[in-house]
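To start, the structure under review is shown below, and the notes come after it.
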Amino acid sequence: MARHLITSALPYINGIKHLGNMVGSMLPADVYARYLRQRGHDVLYICATDEHGTPAELAAKERGLPVDEFCAQAHDAQKAVYDGFELAFDYFGRSSSPQNREITQHFARRLNENGFIEERAIRQVYSPVDGRFLPDRYVEGTCPHCGYDKARGDQCENCTRVLDPTDLINPRSAISGSTELEVRETKHLFLLQSKLQHEVEEWVARHEEEWPQLASSIARKWLTEGLHDRAITRDLDWGVPVPADTWPELAAEGKVFYVWFDAPIEYIGATKEWSDQDPENRDWKSWWYESDQGENPVRYTEFMAKDNVPFHTVMFPATELGIREPWKKVDYVKAFNWLTYYGGKFSTSQKRGVFTDHALEILPADYWRYFLIANAPESDDSSFTWEHFTSTVNKDLADTLGNFVNRVLSFSKKRFGEEVPAGAEAGAPETKLGEEIAALLSEYETQMEALQFRKAAAALRALWSAGNSYLEEKAPWLEIKTNPDGAALTLRVAMNLIHLYSVISEPFIPASSKAMRSAFALPDDTATWVTAAEAKSLAFLPAGTPFTVPPVLFAKITDEDLETYKERFGGAPE
14 MARHLITSAL PYINGIKHLG NMVGSMLPAD VYARYLRQRG HDVLYICATD
64 EHGTPAELAA KERGLPVDEF CAQAHDAQKA VYDGFELAFD YFGRSSSPQN
114 REITQHFARR LNENGFIEER AIRQVYSPVD GRFLPDRYVE GTCPHCGYDK
164 ARGDQCENCT RVLDPTDLIN PRSAISGSTE LEVRETKHLF LLQSKLQHEV
214 EEWVARHEEE WPQLASSIAR KWLTEGLHDR AITRDLDWGV PVPADTWPEL
264 AAEGKVFYVW FDAPIEYIGA TKEWSDQDPE NRDWKSWWYE SDQGENPVRY
314 TEFMAKDNVP FHTVMFPATE LGIREPWKKV DYVKAFNWLT YYGGKFSTSQ
364 KRGVFTDHAL EILPADYWRY FLIANAPESD DSSFTWEHFT STVNKDLADT
414 LGNFVNRVLS FSKKRFGEEV PAGAEAGAPE TKLGEEIAAL LSEYETQMEA
464 LQFRKAAAAL RALWSAGNSY LEEKAPWLEI KTNPDGAALT LRVAMNLIHL
514 YSVISEPFIP ASSKAMRSAF ALPDDTATWV TAAEAKSLAF LPAGTPFTVP
564 PVLFAKITDE DLETYKERFG GAPE
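Quick note, the sequence shown lines up with residues 14 to 587 if you use the working numbering.
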C-alpha cells in the first residue's frame, strides 16, 4: 500500500469560486484521492482557504467587517460549497492558522540563517491620499507586456506575467482609486532566488519529463528567463508577522510575509492542523519530513491551474531547498488550462458564468462533477456552454447510465419480483461481455493512474455503454416471452453491472454511486474495487439478493431549463 499526499491549490478567501476554479484544482484532486483510497492506498488530501494578502483586506473593507471576522465567515461559506460538491478532503484548513504562522516563521528564520534572505531598502509606491505604502495588489494599472488595463501590481491575470507595482502603466490605488502616487523608500525582506537558481534547475530537471507538458514548459520558461530575488514581505495589517526575534525593526513597522510566501507553506500548516486534532494517532511530519518516512515514502501530487504553476514548480521549491531541511517536495504537478464560459471569462459583475454555489442551487453535484471532469481543460483551454452541458448530462448520465439502471431494476421487479433472479447459466454473450468489461476496466484504471481525466471519463462512459449494448443484444423484454430463464440471466448479469458501476463510478459521481449500491440489500458488501476476475464473471450479486428500484438518478435537462439557465447565467456572446 503506497502513501499518497494530495493537495489542491488553495482557493482564495474573497468570494465563492466559479466552475473553472473547481475543475482547475479541487475536483480532479478529489476524484484522484477517492480512486486511490478505493484501490487501498493510504491517502491524505489537504486543502485550505488562502486568507492573507491585499484582496482579503479589500473584501473585508467592502463588507464593513474586521478582516479576521470576514475570513472566518468566508471560510465557512466556501467549505459549505465544497461539502455540497462532496469534496472528500481529509482536512480543509486556514492559512491564518497558528500552525501556518509557526511554520512560516520557522522557514523564514532558516532561510535567513542559510544566507538566502536579505534586508533591502527599496522604493515603493506610497499613496498620500490613503496615508500608507501600497502593497503590490493595492496598485492597479495597465500591464506593460499585454496591455491589460486591470493588471495588479504583483501579477497580470491576463498574461500571467509576474510584475512589480512600478512596472504598471498609469497606476492607481486599489483603495481610493487615486492616481496621485509617490515612490518612497522603505525596507523589505528579499528571498535570494538567484542564489538558488542552479539547485532549482537541477531539481526541475529530475522531474519535468514526468510532469505534464503544461507544467514542465512553464517551469522551464521561468528558469530560462532566470530567477530574480523577490520581496517576501508587505505593508499590510493582516498576515503572518515578521518574527521580532530575527527582524525587530521590520516587526516594529508591522511588516508581514507576502501571501505567496506563506500560502504554499499552508499545505504543511494544514497538515499540522489536521494532526493536532488527534496527535496520538496522526503524525504530520511523517507526511512532510522525508527523514521520518521510513521505507514507505510519500508520493506527493499537486493539482492547480496554470497560473499557479510558477509558484509551485519554481518559487516554493526554491524556498524548500534553501531551508536545508528534508521537507517533502512535489513529485507530480497536475496542471490545468482554463475553463472559459462561451470562450470568455467568468464574471460576477457582468453576470456571466456559473459559480459553484449557484450550480448547486439548480442541479445536484454529480451532474457538475461528471461534466467538468469529462471535459477537463487538460491539453488546452475548454469552454463551458449550456448546450454542451445539457447534451452531456442527457446523453451520458440520463440515457446511458440512469436509464440503464432504471429499466433493468424496474423490469426485473415487474417480472421476477424484488430479488435478483437466478435464471440460466451464463453463456457466450456473457463471456464476451465479461471480457469487454475487464478490458475497459483496465483502460479506466490505466488512465486514472496516469491522471488523464478526460480519457478516464471516456473509459467509464464506455463501461456504461457496454451494459446498454448487452441489454439491446439480449432484449430481455422479448426473451421473456420464449425463454424466461434466459431473460432472468440477462437481468441478473445487468444487475451485476449496476453494482460494478456503483463501485467504479464513485470517484466521479459519489452520490449516484451510493444510490446504485444501496439498491441491493447486501449487508456484507465491503468491496472497494472490482478485480479483473470479478469483472469477467459478473457474479458478485447472488441470486435471491433483495433489491429496490431507486428514484431516477438523473433527470433530463429540458429545452425550457436550458433557456432558463442561459437567461440567468448568460449565454453565447452576441
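By construction, the Cβ of each residue, glycine as well, lies at the ideal position given by its N, Cα and C atoms.
Close Cβ partners of residue i (< 6 Å) along its chain, the five nearest in sequence each way excluded
i: Ala470; result: Ile386 and Ala387
i: Ser229; result: Glu221
i: Thr541; result: Gln51
i: Ala283; result: Ile59, Ala61, Tyr104 and Gly106
i: Tyr139; result: Phe146, Glu195 and Arg197
i: Val36; result: Leu352, Leu385 and Ala389
i: Ser288; result: Arg295 and Trp297
i: Leu240; result: Gln206, Ser207 and Gln210
i: Ala134; result: Glu198 and Lys200
i: Leu446; result: Tyr483
Contact set for residue i: own chain, Cβ-Cβ below 8 Å, skip 5 residues either direction
i: Glu70; result: Val80, Leu249, Asp250 and Trp251
i: Arg76; result: Phe83
i: Leu181; result: Val152, Glu153, Gly154, Thr155, Cys156, Pro157, Ala164 and Gly166
i: Cys169; result: Cys156, His158, Cys159, Tyr161 and Leu176
i: Pro564; result: Ala528
Beta-carbon proximity list for residue i, same chain, < 7 Å, skipping 5 on both sides
i: Gly97; result: Leu373 and Ala378
i: Leu49; result: His17 and Val56
i: Pro243; result: Residue identity differs from the one stated: residue 243 is Arg in this sequence, not Pro. Excluding positions up to five away in sequence, the list reads Phe203, Leu204 and Gln206.
i: Lys92; result: Phe105
Enclosing alpha helix (DSSP H) for residue i [first to last residue]
i: Asp96; result: Val80 to Gly97
i: Tyr151; result: That residue, Tyr151, is in no alpha helix (DSSP H); it is neither H nor E in DSSP.
i: Leu513; result: Pro497 to Ile517
i: Ile450; result: Ala441 to Glu462
i: Tyr355; result: Premise fails: Tyr355 is in no alpha helix (DSSP H) and is neither H nor E.
i: Leu373; result: Thr369 to Ile375
i: Ile231; result: Gln226 to Glu238
Helix, strand or coil at residue i [DSSP, three-state]
i: Gln206; result: helix
i: Gln137; result: strand
i: Glu580; result: helix
i: Tyr313; result: strand
i: Gln168; result: strand
i: Arg247; result: strand
i: Phe591; result: Residue 591 is absent from the structure shown; the chain starts at 14 and stops at 587.
i: His158; result: coil
i: Ser304; result: helix
i: Leu491; result: helix
Euclidean distance between Cα positions of residue i and residue j
i: Thr561; j: Ile188; result: 60 Å
i: Thr314; j: Tyr578; result: 36 Å
i: Val506; j: Ala552; result: 7 Å
i: Pro256; j: Leu124; result: 13 Å
i: Val94; j: Ile130; result: 39 Å
i: Ile231; j: Phe324; result: 10 Å
i: Ala73; j: Ala46; result: 34 Å
i: Val516; j: Ile570; result: 26 Å
i: Val311; j: Gly480; result: 38 Å
i: Ser526; j: Glu580; result: 32 Å
i: Asp366; j: Gly583; result: The sequence shown places Gly at residue 366, not Asp. Going by the C-alpha atoms only, they are around 6 Å apart.
i: Trp381; j: Ala42; result: 15 Å
i: Ala435; j: Met508; result: 11 Å
i: Tyr280; j: His65; result: 14 Å
i: Ala501; j: Asn27; result: 57 Å
i: Ile116; j: Trp273; result: 14 Å
i: Val433; j: Ser531; result: 14 Å
i: Phe329; j: Gly335; result: 10 Å
i: Ala441; j: Leu554; result: 20 Å
i: Arg420; j: Lys358; result: 41 Å
Closest Cα partner of residue i within the set the options
i: Tyr457; options: Ala121, Met328, Pro564 and Val543; result: Val543
i: Thr67; options: Trp381, Pro148 and Met14; result: Pro148
i: Leu484; options: Gly33, Leu202 and Asn416; result: Asn416
i: Asp89; options: Asp63, Asn113, Thr117 and Gly499; result: Asp63
i: His119; options: Trp260, Pro559, Asp291 and Cys172; result: Trp260
i: Thr444; options: Thr503, Phe102 and Leu32; result: Thr503
Beta strand (DSSP E) segment containing residue i, residue limits
i: Asp55; result: Asp55 to Thr62
i: Gly106; result: Tyr104 to Arg107
i: Asn113; result: Run containing Asn113: none in the beta strand (DSSP E); it sits in the alpha helix (DSSP H), Pro111 to Glu126.
i: Phe16; result: Sequence inspection shows Arg at residue 16; the Phe mentioned does not correspond to that position. Unbroken beta strand (DSSP E) run through Arg16: Arg16 to Ser21.
i: Val272; result: Run containing Val272: none in the beta strand (DSSP E); it sits in the alpha helix (DSSP H), Val272 to Asp289.
i: Lys468; result: Here Lys468 belongs to no beta strand (DSSP E); instead the alpha helix (DSSP H) covers Phe466 to Lys487.
i: Tyr380; result: Careful: Tyr380 lies outside any beta strand (DSSP E), inside the alpha helix (DSSP H) at Ala378 to Ala387.
i: Val346; result: Tyr345 to Phe349
i: Ser186; result: Ile182 to Ser186
i: Ser525; result: Looking at the DSSP string, Ser525 is not in any beta strand (DSSP E); the run it does join, the alpha helix (DSSP H), is Pro523 to Arg530.
i: Phe397; result: Ser395 to Phe397
CB contact below 8 Å: residue i versus chain C
i: Gly356; result: Looking for chain C here will not work: only one protein chain is present.
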